[in-house]
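In this note's numbering, the protein residues as written are 1124 to 1255. Think of the CB as a built atom: it goes at the ideal place given N, C-alpha and C, for glycine as much as any other residue. It should be emphasised that the depicted structure is a prediction, and the values quoted were computed from it without experimental measurement. Everything below concerns the one structure shown next.
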């Protein structure tokens, strides 16, 4: 009789512990695809004192990301201190394209970081552009 009760208790504990297994491992635990950002300008050839459109196209796999939490451009001229960097939030236009209008005041080499937070991921690709 004692042995039978012990078997029932052990069986019950086994079933309880088996129910606590890691569901992600059972389902494969696939990681979501990485959020990627492609930077472009319009026009391609940038001249000082002319307005240019800076664009970040945000994708995850083949899907255009239209629900990014934040896309912000950080812009500075080569040789400037960090406190001289300009930051400007971009707005979603269409098809995963986030953009701002910007005017570069003088010719030179500039850097643009597209700070992007979307779908629990943050990426910040840096691009170098030439202003004539």
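Where do the ends of the beta strand (DSSP E) carrying residue i lie?
i            : result
residue 1224 : 1220-1226
residue 1236 : 1231-1241
residue 1209 : 1209-1212
residue 1261 : A query on residue 1261 cannot be resolved here, the shown segment of the chain reaching from 1124 to 1255 and no further.
Spell out whether any CB of chain D is found under 7 Å from the CB atom of residue i.
i            : result
residue 1220 : The chain inventory of the structure shown lacks chain D, comprising one protein chain alone.
Looking at the structure shown, is residue i part of a helix, part of a strand, or coil, going by DSSP?
i            : result
residue 1161 : strand
residue 1252 : strand
residue 1195 : strand
residue 1182 : strand
residue 1147 : In this prediction, residue 1147 scores a pLDDT of 49, lower than 50, which makes its location untrustworthy; no coordinate-derived value is stated.
residue 1205 : helix
residue 1174 : strand
residue 1167 : coil
Within 10 angstroms of the Cβ of residue i, are there 16 or more other Cβ atoms? Answer buried if so, exposed if not.
i            : result
residue 1247 : exposed
residue 1147 : With a pLDDT of only 49 at residue 1147, under the threshold of 50, the placement of this residue in the model should not be trusted, and no figure is reported.
residue 1237 : buried
If I'm right that residue i touches residue j with Cβ under 8 Å, what's the distance once you round it to whole angstroms?
i            : j            : result
residue 1239 : residue 1157 : Contact flag wrong, Cβ pair sits at about 11 Å.
residue 1222 : residue 1181 : That pair is no contact at about 11 Å.
residue 1117 : residue 1218 : Given that the chain is displayed from residue 1124 to residue 1255, the structure contains no residue 1117 and the question cannot be resolved.
residue 1189 : residue 1208 : The pair is not a contact, with the Cβ atoms about 27 Å apart (cut-off 8 Å).
residue 1232 : residue 1210 : That belief does not hold up - the Cβ atoms of residue 1232 and residue 1210 are roughly 19 Å apart, past 8 Å.
residue 1255 : residue 1198 : Contact flag wrong, Cβ pair sits at about 16 Å.
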